[in-house]
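Enquirer:
Residue numbers (the working numbering): 159 to 816.
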């Protein structure tokens, strides 16, 4: 037996494990991260199964005594849960029916012993019976999970319905009522930044993956999963702007092999030239012009990484839900495209790239008519390929390398922390959205508390406030210090589809996430949807808690206006219209940096420089990272290089953005 090094002893003391088991300390940390991912995956599987009306399979994801709470009703056990889930569709849904259940923006906390977890989500459910009937629902979900044997199951799904309605008039407040108390948070502001709650840890069962060889493989799988998920989410943002050069780049060198792009019911195209033809046929030519919307919202992404092949290449799969908002006001066109994607990837020379993309539209519907009578396309012929939410230890091959050097232990720990950071970053950015949905004095306190003491935040249309205290004071200057007992409307702040770039040491990250803002009020026709973008920086503080370091908000790129006309019915601003005036906050509590001081970066945004650009005119979309495959730098790039902020494109080159 090798003697323990000082590094191994220090590592064991830091994690509360026996000095004889440095392997166990890393394995335990991996198990915690894998458990958090499994909780997210079982929730995403629940959503994926809804699209094939697989209600018994959805119910099977609960424990045997699991309960689904919907408003003031409860359903316990698989038969009762199945019956409730199929209420609108019946047990034999029609051929043109739709059921898309989305659970987005997870904030997960794993118990110290690793056998239970809690999660908060934003939720949508869009249904159509194929005979004209429709139902739209949205709200907050607070879920509880339990490790049953080796599988994570849903113990309790508690839905707080907040808005609902038929498609014709859109949603409005649930039961036409005002909103009362905020649906209870299962976490404190500090706990939002701690995916694994502090306390006595559970015993690590060292089976497969409990060797150094297994630990190496488990670390690699988590790191690969992060890269593939980033690649999948970046794909969606390039589609939004019809950036076909960047989309082609994601398939790698097409001169050596042929990537495949398939849209079920439309066609299949191979190779770089073919992929572009498919993109143009399905979505239109490169770039956007006034009134053109090509928004591709990605939800519930799951990733499965395979074993490395003999040539060093690795394969992976992704699956998720896509809701596309399509419009072209010049052609008087507006559509919903609701479906799923199932894609494959390959890792070549250390870089992940797309291999095959398959989009399966379940409903393509004119905005004016909706999806109640089915899709404009024939029923999909794609066979759904579900990914398993269970995470067994990777298969390992017997190896004589059953030990690890001190330097390798340090490297494995660093890489494990980078994947743990991915979940920490996702937690804290979603906490921000949940806290400002019900913004008042209490919301201001909670929102500011998740910032680092020296962090800074942009207040919309105003400027930046530096330090946690200034962030709090700016918020209370607008919303007061008291809690609000009731309210008649809410604009929600979903932050789905994150691209999370982790620092080398796993202690900070840059995050790009979508701002999806469904809004509701009392009365039919009050529903709205708007879209923007967040650019965040997050850090791990000295107490080991994830905090927001910086928030930049680009809003709004598009909006639906009135529900009756949607995004296709928004009138352009008059050419001689004046820019909107400054917010009262600018005078009441001046920011440390006003938006006009940001120069080109804020040009066209409300409160920034130049003429205000509002939908249906097209605003610049900024990127903080290079193309993850080719290294291409977008023309609208704002990034830090050599300690300075760079705005605009640059010479292409491979490397991480940030």
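From the three backbone atoms N, C-alpha and C, an ideal C-beta is built for every residue, glycine too.
Which residue marks the beginning of the alpha helix (DSSP H) containing residue 214, and which one marks its end?
Expert: Note, residue 214: alpha helix (DSSP H), 213-217.
Enquirer: So, helix, strand or coil for residue 769, using DSSP?
Expert: Residue 769: coil per DSSP, three-state reduction.
Enquirer: Just to confirm, is the Cβ distance from residue 456 to residue 390 under 8 Å?
Expert: In contact: residue 456 and residue 390 (Cβ atoms closer than 8 Å).
Enquirer: May I ask which residues mark the beginning and end of the alpha helix (DSSP H) holding residue 578?
Expert: Start and end: 564-595.
Enquirer: Can we say the region 255-265 touches the region 588-601, given the rule of at least three CB pairs closer than 8 Å?
Expert: Yes, since at least three Cβ pairs between the region 255-265 and the region 588-601 fall closer than 8 Å, the two stretches touch.
Enquirer: May I ask you to report which of helix, strand or coil DSSP gives residue 554?
Expert: Only weak support exists for where residue 554 lies, its pLDDT of 44 falling under 50; the value from the coordinates is given anyway. Reduced to three states, the DSSP call for residue 554 is coil.
Enquirer: On the criterion of 16 or more Cβ atoms from any shown chain inside 10 Å, does residue 271 qualify as buried, or is it exposed?
Expert: Exposed, since its Cβ has fewer than 16 Cβ neighbours within 10 Å.
Enquirer: Taking the alpha-carbon positions, what's the residue 193 to residue 288 distance?
Expert: The straight-line gap from Cα to Cα measures roughly 39 Å.
Enquirer: Can you tell me which of the three DSSP states residue 209 falls into?
Expert: Three-state DSSP puts residue 209 in coil, outside helix and strand.
Enquirer: Do you know offhand how far residue 342's Cα is from residue 231's?
Expert: Whole-angstrom Cα-Cα distance: 17 Å.
Enquirer: State yes or no: is the C-beta of residue 242 within less than 8 Å of the C-beta of residue 285?
Expert: Not closer than 8 Å, so no.
Enquirer: Go to residue 472, then tell me how far its alpha helix (DSSP H) extends in each direction, as first and last residue.
Expert: First-last for residue 472: 472-486, but that is the beta strand (DSSP E), not the alpha helix (DSSP H).
Enquirer: Does the separation of the CB atoms of residue 771 and residue 760 fall below 8 Å?
Expert: It is not a contact, given that the beta carbons lie outside the stated cut-off.
Enquirer: When burial is assigned at 16 or more other CB atoms within 10 Å of the CB, is residue 695 buried or exposed?
Expert: Residue 695 is buried by the Cβ-count criterion.
Enquirer: Would you mind working out which of 619, 637, 580 sits nearest residue 605, comparing C-alpha positions?
Expert: Of the listed residues, the one whose Cα sits closest to residue 605 is 637.
Enquirer: Below 7 Å CB to CB, which residues in the same chain sit around residue 651 once its five sequence neighbours on both sides are set aside?
Expert: Excluding positions up to five away in sequence, the list reads 591, 594, 595, 673, 675.
Enquirer: Determine the burial state of residue 301: buried for a count of at least 16 other Cβ atoms within 10 Å of its Cβ, exposed for fewer.
Expert: Buried: at least 16 other Cβ atoms inside 10 Å.
Enquirer: With three or more C-beta pairs closer than 8 Å as the rule, is the region 624-638 touching the region 312-330?
Expert: Result no; under three Cβ-Cβ pairs closer than 8 Å.
Enquirer: Report buried or exposed for residue 465, applying the criterion of at least 16 other Cβ atoms within 10 angstroms of its Cβ.
Expert: By the 10 Å Cβ count, residue 465 comes out exposed.
Enquirer: Please say whether residue 233 and residue 223 have beta carbons closer to each other than 8 Å?
Expert: Not in contact: residue 223 and residue 233 (Cβ atoms no closer than 8 Å).
Enquirer: Would residue 353 and residue 422 be called neighbours here (beta carbons separated by less than 8 Å)?
Expert: Cβ distance not < 8 Å, so residue 353 and residue 422 don't count as in contact.
Enquirer: Considering only DSSP beta bridges, list what residue 708 is partnered with.
Expert: For residue 708, which the question treats as bridged, DSSP gives the partners 614, 695.
Enquirer: Are there 16 or more other CB atoms within 10 angstroms of the CB of residue 720, so buried, or fewer, so exposed?
Expert: Exposed, by the Cβ-count rule.
Enquirer: Only counting runs of 4 or more residues, tell me where the alpha helix (DSSP H) segments fall wholly within the region 313-353, in order along the chain.
Expert: Taking only runs of at least 4 residues, the alpha helix (DSSP H) segments lying wholly in the region 313-353 are 347-350.
Enquirer: Which of the three DSSP states is assigned to residue 671 in this structure?
Expert: Residue 671: strand per DSSP, three-state reduction.
Enquirer: In whole angstroms, give me the CA-to-CA distance for residue 582 and residue 639.
Expert: Taking the straight line joining both Cα atoms gives about 29 Å.
Enquirer: In the DSSP assignment, what are the bridge partners of residue 285?
Expert: BP columns for residue 285 point to 257, 293.
Enquirer: Can you tell me which of the three DSSP states residue 684 falls into?
Expert: Coil at residue 684, not helix or strand.
Enquirer: Touch check for the region 741-750 and the region 652-660: three-plus C-beta pairs under 8 Å?
Expert: Counting Cβ pairs under 8 Å, fewer than three are found: no touch.
Enquirer: Apply the 10 Å Cβ neighbour rule to residue 453 and answer buried if 16 or more other Cβ atoms are within range, or exposed otherwise.
Expert: Buried is the call here.
Enquirer: Does the separation of the CB atoms of residue 779 and residue 399 fall below 8 Å?
Expert: Contact flag set, yes.
Enquirer: By alpha-carbon positions, which one of 313, 751, 296, 613 ends up nearest to residue 304?
Expert: When each option's Cα is compared against that of residue 304, the closest is 313.
Enquirer: Less than 8 Å between the CB atoms is what I'm expecting for residue 487 and residue 214, so what's the real figure, rounded?
Expert: Incorrect: roughly 44 Å between the Cβ atoms, too far for contact.
Enquirer: Between residue 281 and residue 317, how many whole angstroms is the CB-CB distance? I'm expecting something under 8 Å.
Expert: The Cβ separation is near 7 Å, so the contact holds.
Enquirer: On the three-state DSSP scale, how would you describe residue 732?
Expert: Coil.
Enquirer: Which stretch, first to last residue, makes up the alpha helix (DSSP H) that contains residue 637?
Expert: Residues 626-637.
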